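Heads up: the structure comes next, in structure tokens.
There are 4 protein chains.
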Amino acid sequence: MSGKRRLGIGLIGTGFMGKAHALGFTIAARVFDLPFELDLVSVADVTQEGAEAARGRLGFRKATADWRELLTDPEIDIIDITTPNLLHKEMALAAFAHGKHVYCEKPLAPTVADCAEMVAAAEKAGVVTQVGFNYLKNPLIFLASDIIESGEIGEIRSFRGIHAEDFMADESVPWGWRLDPRSGGGALADIGSHMIACMRHLVGPIRSVLAETVIHIPQRPVARGATATRTVEVDDVTRAFVRFESGASGSFEASWIATGRKMQHDFEIYGSKGSIVFTQERLNEIRVYYAGDDIRSRGFRTIWAGPEHPPYGAFCVAPGHQIGFNELKAIEANEFLEAIAKGSKTSTDFREGYEVQKVLSATYHSARTNEWVEIG
Amino acid sequence: MSGKRRLGIGLIGTGFMGKAHALGFTIAARVFDLPFELDLVSVADVTQEGAEAARGRLGFRKATADWRELLTDPEIDIIDITTPNLLHKEMALAAFAHGKHVYCEKPLAPTVADCAEMVAAAEKAGVVTQVGFNYLKNPLIFLASDIIESGEIGEIRSFRGIHAEDFMADESVPWGWRLDPRSGGGALADIGSHMIACMRHLVGPIRSVLAETVIHIPQRPVARGATATRTVEVDDVTRAFVRFESGASGSFEASWIATGRKMQHDFEIYGSKGSIVFTQERLNEIRVYYAGDDIRSRGFRTIWAGPEHPPYGAFCVAPGHQIGFNELKAIEANEFLEAIAKGSKTSTDFREGYEVQKVLSATYHSARTNEWVEIG
Amino acid sequence: MSGKRRLGIGLIGTGFMGKAHALGFTIAARVFDLPFELDLVSVADVTQEGAEAARGRLGFRKATADWRELLTDPEIDIIDITTPNLLHKEMALAAFAHGKHVYCEKPLAPTVADCAEMVAAAEKAGVVTQVGFNYLKNPLIFLASDIIESGEIGEIRSFRGIHAEDFMADESVPWGWRLDPRSGGGALADIGSHMIACMRHLVGPIRSVLAETVIHIPQRPVARGATATRTVEVDDVTRAFVRFESGASGSFEASWIATGRKMQHDFEIYGSKGSIVFTQERLNEIRVYYAGDDIRSRGFRTIWAGPEHPPYGAFCVAPGHQIGFNELKAIEANEFLEAIAKGSKTSTDFREGYEVQKVLSATYHSARTNEWVEIG
Amino acid sequence: MSGKRRLGIGLIGTGFMGKAHALGFTIAARVFDLPFELDLVSVADVTQEGAEAARGRLGFRKATADWRELLTDPEIDIIDITTPNLLHKEMALAAFAHGKHVYCEKPLAPTVADCAEMVAAAEKAGVVTQVGFNYLKNPLIFLASDIIESGEIGEIRSFRGIHAEDFMADESVPWGWRLDPRSGGGALADIGSHMIACMRHLVGPIRSVLAETVIHIPQRPVARGATATRTVEVDDVTRAFVRFESGASGSFEASWIATGRKMQHDFEIYGSKGSIVFTQERLNEIRVYYAGDDIRSRGFRTIWAGPEHPPYGAFCVAPGHQIGFNELKAIEANEFLEAIAKGSKTSTDFREGYEVQKVLSATYHSARTNEWVEIG
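Line order of the protein sequences matches chains A, B, C and D.
Heads up: the first sequence at position 120 corresponds to 120 in full-length UniProt numbering, and the numbers run straight through without jumps.
Heads up: the second sequence at position 40 corresponds to 40 in full-length UniProt numbering, and the numbers run straight through without jumps.
Heads up: the third sequence at position 350 corresponds to 350 in full-length UniProt numbering, and the numbers run straight through without jumps.
Heads up: the fourth sequence at position 164 corresponds to 164 in full-length UniProt numbering, and the numbers run straight through without jumps.
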């Protein structure tokens, strides 16, 4: 009806992220001048019942308990993967084999080898990929990049980042897939990967890391309320020193036991002429310091997101009204769709997911060996 | 397909608020278990071209340059009015005459008499109404109400509110509809009405006001860049003292020339046992003080919105991830749709819009007479 | 020993403010290059016992239960008055009669007539006076003045101020001298006078006010724990609209029942090209917005006090280390001593105290008459 | 006159810290009920001229260019050392040899061996010692200790600290004593030692560290404005992972090139039942989270220092009025004097300075070897 080409979406997974992706596509279709007419074709869950329930709720036309059905559905152009990361590889490789574009949650896969295989397959298939590093899709993070690249804050010298939440802080939280070592790790893999992506995005490639991991809650109930426990083998907290290829130094931490923290994805970047400080706890604000400002009225500027920070204006013509987490997903979806239309790459494609995984893997390796590990 | 009853929407106006409403409905359909299958039927704008452009962008099926066509469209159940407030009455009355439910932006109309006529018509028609006091639809404002009603912070004694932005601060901003005295006023009518609604929502009915209005920029260019100017007759700033029926006292201010402020919809509520402080600049946080907390560790608690504050959980299962302005519109839309399904009232229906208008009108009256004015 | 002239101080009152003054002089003597060798000669309290106790504690050489003894003490050059304000006039007039310089706590006296009499006597005596409007002695308030005077934030249009604390919020706080109507008022006189001084200091003379006062706790126990109560006749909260001679408009509030607030002496100043926001809750920070900054990196600058904001550097060579309330008193003392040395005036002399009292009195008058009152 | 025993002080050094100590003693004498009558006897500087200038300014009776004169001055009981840390050992040992109590700035000395020698001499002499870890003397840090020890926030699991300033961020800042490797190090020794002391104070003894140091500005002008440069051999930034004996894990960073930071002495402590967050940028506030608070109104409590947090009340009877950096020095001085009177120890005595130095030294050692280093 719009004259735009139709693009069909098949979603696998209907949990927190499944819903966020569906919402992201839906919002994107309203606020961006998308190059396609989106068609939410089909949703797959582990049971037919779960899939059916999600179908209406998330706005899809079809539902299935067999995700492989999506691969052969001629109406589907995009396979959207929001399952636990143990399952990403199999699904992505299958999607590539069928020539589908793939949108996948982070982290890409449990191992670097898995990721490499996925990148090779994606590149061979010649399709477009996107990984869900949603925190990078913030208009103010684009501003941060822009300020850094412009040289306004000089040469970047040091970085300090953290991604901390507290959803595992209570020792009664039971064992679950997040604690399964086959997933590729604990707090670092699950949420710290966001901070690795952030460092690469803002400060550039990482040369080496020196890390440690800690398990503070060594036993968890096997199920909610159970008295039987199971040994925890993955990190509650991971900390690392980082050397960037640019010469900048830094550190980051990932923790899922930071009592009281709900979304502490924070960083501080210090340059020779200024600095940038951000907390995801207030995602519509960023603080920038210019050493060159008049000394008597110099201070961190608290900048609110507004139409002058694209693509904020797509959501709201007025500054300071604030966007939310789900709208970051809409920006992520839009970037993906734009890349499909142009035949270009997203900034957080599978290759970037692979690069993040190399750092993640090196970090765990360093924690085991207590040595600086070069990123291969 | 969902087995739910279809509900058709006709939107009038395609600007800032037109888009926000369309987005609100769209998001609501994804996150809430709506009682209806929404159908975005038709959108009306002043030109066919504008309407057509909005149709695809906002997700409607039809477009028209004649808003009256929506009235007779049998597919349409809801008339959604997002035009300048001078036009609300005519449109709403016509909608009621056709038995349509009406969703209307604030303020309801330029005068109390207009509002009274609209309320009477709505009640006679037996339809459901909703006014766009979106800031009240924040999960944390629901929390504030709940805390106040629970008695946790004791008897409410005093209130201090402001709604300030700076979109008119630059004297080169030209004359426009917001400055047309027929609209019912300036900063107070345009944005201060939000704060009146807030006061009523949290502290209850207002007994009387004593106010002043100020015009700080007495001449504006007739158009952007023009040298010819036109005299400004409406308030840049309005300030008022308020007495609530409960005995609480307070004050509020509305300003659209507050340089640097983008969304300062802020209030402080002081009770005998605690207090609540909020700024819309950080809409996902609220600060609450309990005088009864242990004295040595007593302080304002900064509470982040989370699933424990309904309906935040509809948007995100994880706390602290943050919702945005458009999602407040989704909550507003949901409340409206729920009321239609139940045959009940919304908390900010036309009668509430009329009550707000009475305070607004009394405020302007007081500013002219320099006397305390009782709310009729 | 220093070759500087000795200057003797006689202090009346040994409570909160008596101690703060003694500390202010002591600190001033260490951090400023004072024009005098200070000599803390004698301290007077209502009982000899109280005076003796204070003598050693506050660093004075002599103690007396008769404040008149200070007047005739040839070693004393300055009479420092920190008693309840009902007593200020008698003490100040006596001091002037003996040719003493006078440092007096705010507010100057209960009535405008009292203040006028005190100013006349001071000017006739040709001595130097200082009133304890300590919040104005903040290096960052000097910065605010400087920014306003420089025109950097353009023409000042509007002001919004509050001075709120909660020391009277609990209804079990008993009747006391602060509640005695002979003191000249309640919250406005006691703490609101600071905000009046602030407005005058930053935005200039006030032309007229429209005000209201409220008593929220109409009965207080006659003594701590008593069941018998006494009727409260002075304001718990006062609110006023203000018109400045410059044409700027504004409002301010004084409250001593603002549960949770310990030192909310806050203001917001909006100009045509920028704005300034301050809270005494964080006295070492001020926020300044320049509309002329590059739009994409524009925001309120949070400026920490440092040596670039005199006289911060007298206390600390390093920025951001922070000064405290008592150090504001040291700056106040230093200004007083400098003026004595130069035979000049302080910026908050008795005439300024009289001007503040005129506004204060007009505010109460307006609250009684419900009319705008011109400042005489 | 007070009947108290006189205690004589001899100060060595008249710079930033010399003045802060003099001020600390002076303020302490006014606000605390000190066990002694303080006598600021004599001040030593490198030149007689400098000493004379400081004498009057800082309130001493005598001045000398030979610090050894203080040792034999029978009026002097305390030797107060505020010189660069290369000089501490010689001075302290000499003082102990003369039976003087010693108050010394941090870090205690360049090496662990030096510190050990100083501790042995102090203990042999049976005198009282104090090291200037002033940030620990904050009433709110005492509160933090108290909350941790009470068990209110459960078992402490993780710590994250930083001490960052920017006084060396500009590469034109010339070579000086802070850069002299004989001082024992750079940013870590100079300012990071405060954070080591903080960790030990709040979380307890440290078992091991893994660290890295970075030099970001490898050449500095030999003097201000010089074109000739000198190679920098000490750390601009040091980062370390920390394992506490309790089992808690953590990290800290020291940086003197953090552009825009003036006093970022910040920490976050996460326990199993709550957490504490502090920034020295706002030294009168601390944030505490109790996981056990009612979920819907749970959040970080921002606690302002008040009389309920001793010894704040010594400075001000009213909460929220705020103390400054110099007043932390007064608390430090008071603790020292109390210990002298009681014949007890201070909480930051030379032994504690030695313990801090062991961690500091291990940190540098680890940075050289890239291995975890146990604290001996």
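Yeah, the Cβ is synthetic: ideal placement off N, Cα and C, and Gly gets one too.
Nothing here was measured: the structure is a model prediction, and the numbers come from that model.
Taking the alpha-carbon positions, what's the Cys-115(D) to Ile-147(A) distance? Rounded to the nearest whole angstrom, the C-alpha separation of Cys-115(D) and Ile-147(A) is 46 Å.
Ile-323(B) versus Gly-306(A) - alpha carbon distance: Cα atoms of Ile-323(B) and Gly-306(A): separation of roughly 16 Å, rounded to the nearest angstrom.
Which residue wins for smallest C-alpha separation from Gly-8(A), given the options His-265(A), Val-31(A) and His-101(A)? His-101(A)
Using only the alpha-carbon positions, how far apart do Thr-302(A) and Gly-299(C) sit? When rounded, the separation of the alpha-carbon atoms in Thr-302(A) and Gly-299(C) is 5 Å.
Phe-96(D) versus Thr-26(D), Pro-174(D), Glu-117(D) and Arg-178(D), residue with shortest Cα-Cα distance: It is Glu-117(D).
Output needed for Met-1(A): all residues of its chain with C-beta closer than 8 Å, excluding positions within five of it in sequence on either side, in chain order. Confidence in Met-1(A) is poor, its pLDDT being 47 and thus under 50, which makes the residue's placement unreliable; the coordinate value appears in the next sentence. Glu-37.
At the level of alpha carbons, what is the spacing between Lys-19(D) and Ala-53(D)? One alpha carbon belongs to Lys-19(D), the other to Ala-53(D), and they sit about 12 Å apart.
Alpha carbons only, please: which of Thr-369(A), Val-242(A) and Thr-238(A) is nearest the one belonging to Val-242(D)? Thr-238(A)
Counting only C-beta atoms, is Met-1(C) closer than 9 Å to chain B at any point? Low confidence applies to Met-1(C): its pLDDT is 47, below 50, so where it sits in the model is not reliable enough to give any reading.
Going along the segment 108 to 141 of chain C in order, which residues come within less than 9 Å of chain B, judged by CB to CB distance? none
Tell me the rounded alpha-carbon separation between Phe-167(C) and Trp-256(C). 6 Å
Of the residues that make up the segment 294 to 322 of chain D, which ones have a beta carbon closer than 9 Å to any beta carbon in chain B? For the segment 294 to 322 of chain D, the residues whose beta carbon sits under 9 Å from a beta carbon of chain B are, in order, Ile-295, Arg-296, Ser-297, Arg-298, Gly-299, Phe-300, Arg-301, Thr-302, Ile-303, Trp-304, Gly-306, Glu-308 and His-309.
Just to confirm my understanding: we take Leu-210(A), look at its own chain, exclude 5 residues before and 5 after, and list those with CB closer than 6 Å. What are they? Phe-241, Ser-366 and Trp-372
Which same chain residues end up closer than 8 Å to Ser-249(C) when comparing Cβ atoms and leaving out the 5 residues on each side of it in sequence? The answer, listed in chain order, is Arg-157, Ser-158, Phe-159, Phe-241, Val-242 and Arg-243.
Sufficient close CB pairs (3 or more, under 8 Å) joining the segment 340 to 348 of chain A to the segment 125 to 133 of chain A: yes
In angstroms, rounded to a whole number, what distance separates the CA positions of Val-356(B) and Ile-196(C)? 33 Å
With 16 other CB atoms within 10 Å as the buried threshold, where does Thr-369(D) fall? exposed
Return the bridge partner residues of Ser-255(D) from the DSSP annotation. Ala-164(D) and Val-237(D)
Per DSSP, which residues does Trp-177(A) bridge with? Please list them. None, per the DSSP bridge assignment.
Interface residues of the segment 143 to 156 of chain C facing chain A [CB-CB below 9 Å]: Leu-143, Asp-146, Ile-147 and Glu-152
Which of helix, strand or coil does DSSP assign to Pro-311(D)? coil
Please report the Cβ distance between residue 377(C) and Thr-26(D), rounded to the nearest whole angstrom; I am assuming they are in contact, meaning their Cβ atoms lie under 8 Å. The question about residue 377(C) has no answer, for chain C in this structure spans 1 to 376.
Given that a residue counts as buried once 16 or more other Cβ atoms are within 10 Å of its Cβ, and exposed if not, what is Ala-144(C)? buried
Is the CB-CB distance between residue 413(C) and Pro-221(C) below 9 Å? Lying before the first or after the last residue shown, residue 413(C) is absent from chain C, which here runs from 1 to 376.
Nearest-angstrom Cα separation, counted from Leu-202(C) out to Thr-363(C): 19 Å
Can you name, in chain order, every residue of its own chain whose Cβ lies under 8 Å from the Cβ of Arg-5(C), other than the five neighbours on each side? Pro-35, Phe-36 and Glu-37
Where does Cys-316(C) sit, in a helix, a strand or coil, going by DSSP? coil
Quick one: which chain D residues come within Cβ less than 7 Å of Met-263(C)? Identification of chain D residues near Met-263(C) by a Cβ-Cβ cut-off of 7 Å yields Gly-320 and His-321, ordered along the chain.
Using a Cβ cut-off of 9 Å (strictly closer), state whether Tyr-270(B) contacts chain D. no
Hey, is Arg-6(A)'s beta-carbon within less than 9 Å of any beta-carbon in chain C? no
In this structure, how does DSSP classify His-98(A) when only helix, strand and coil are distinguished? coil
Given this structure, state the Cα-to-Cα distance separating Arg-282(D) from Arg-200(B), to the nearest angstrom. 36 Å
Looking only at C-alpha atoms, which of Phe-267(B), Glu-165(B), Val-112(B) and Ile-153(B) sits nearest to residue 387(B)? With chain B represented from 1 up to 376, any question about residue 387(B) goes unanswered, as that position is not in the structure.
Does Leu-283(D) have its Cβ less than 9 Å from a Cβ in chain C? With 9 Å as the cut-off, Leu-283(D) counts as an interface residue toward chain C.
Leaving aside the five residues before and after Leu-254(D) along the sequence, list all residues of the same chain whose C-beta is less than 6 Å from its C-beta, in chain order. A small correction: the amino acid at residue 254(D) is Ala; Leu does not occupy that position in the sequence shown. Once the five neighbours on either side are set aside, the close Cβ partners of Ala-254(D) are His-163, Ala-187, Leu-188, Ile-191, Gly-192 and Thr-238.
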